[in-house]
Amino acid sequence: MLKKFWNDEAGVIVSAEIVLVATILVLGLIVGLSELQSSIVAELSDLASAFGNVDQSYSTSGYVGYKASGGIKARTYGASYYDRADECDGDANVDIVCDDPGEM
0 MLKKFWNDEA GVIVSAEIVL VATILVLGLI VGLSELQSSI VAELSDLASA FGNVDQSYST
60 SGYVGYKASG GIKARTYGAS YYDRADECDG DANVDIVCDD PGEM
């Protein structure tokens, strides 16, 4: 019975079929990973544009507190910061180098 089982070739996969299936799987994997890479780069580009569009300008006014006797109890001075747009802020097409002719 063991010899009959050993010599039975029904359902055997030929090595050429294995190579063909493996080749198709590898090609599909390469295409899938390439598309995944393109999608990740596009999403990170959108994220970089969102960070570039954040306006960090602020302004605070000063405050003075007086004592009952008329003297100054406490004082804080105002401060402000104006966020000027950089060369690469708000680009729809974010590249690694911002001074290339296509970005100007």
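Note that numbering that gives the first Met the number 0 has the sequence shown beginning at 0, numbered continuously upward.
We treat Cβ as the ideally placed atom computed from N, Cα and C, and that holds for glycine.
Asked	Found
My assumption, with CB atoms under 8 Å, is that S56 sits in contact with Y80. Please give the rounded CB distance.	6 Å
Near F4, which residues of its chain fall below 8 Å by C-beta distance, leaving aside the five closest residues on each side in sequence?	none
Might you give, ordered along the chain, the residues of its own chain that have their beta carbon closer than 8 Å to the beta carbon of V20, omitting 5 neighbours on each side?	none
From the DSSP output, in three-state form, read off K2 for me.	helix
Could you pull the DSSP bridge partners for Y80 from this structure?	Y57
Have a look at D99 and V30 and give me their C-alpha separation to the nearest angstrom.	Bear in mind that a pLDDT of 47 at D99, under 50, signals an unreliable position, so the model cannot answer this.
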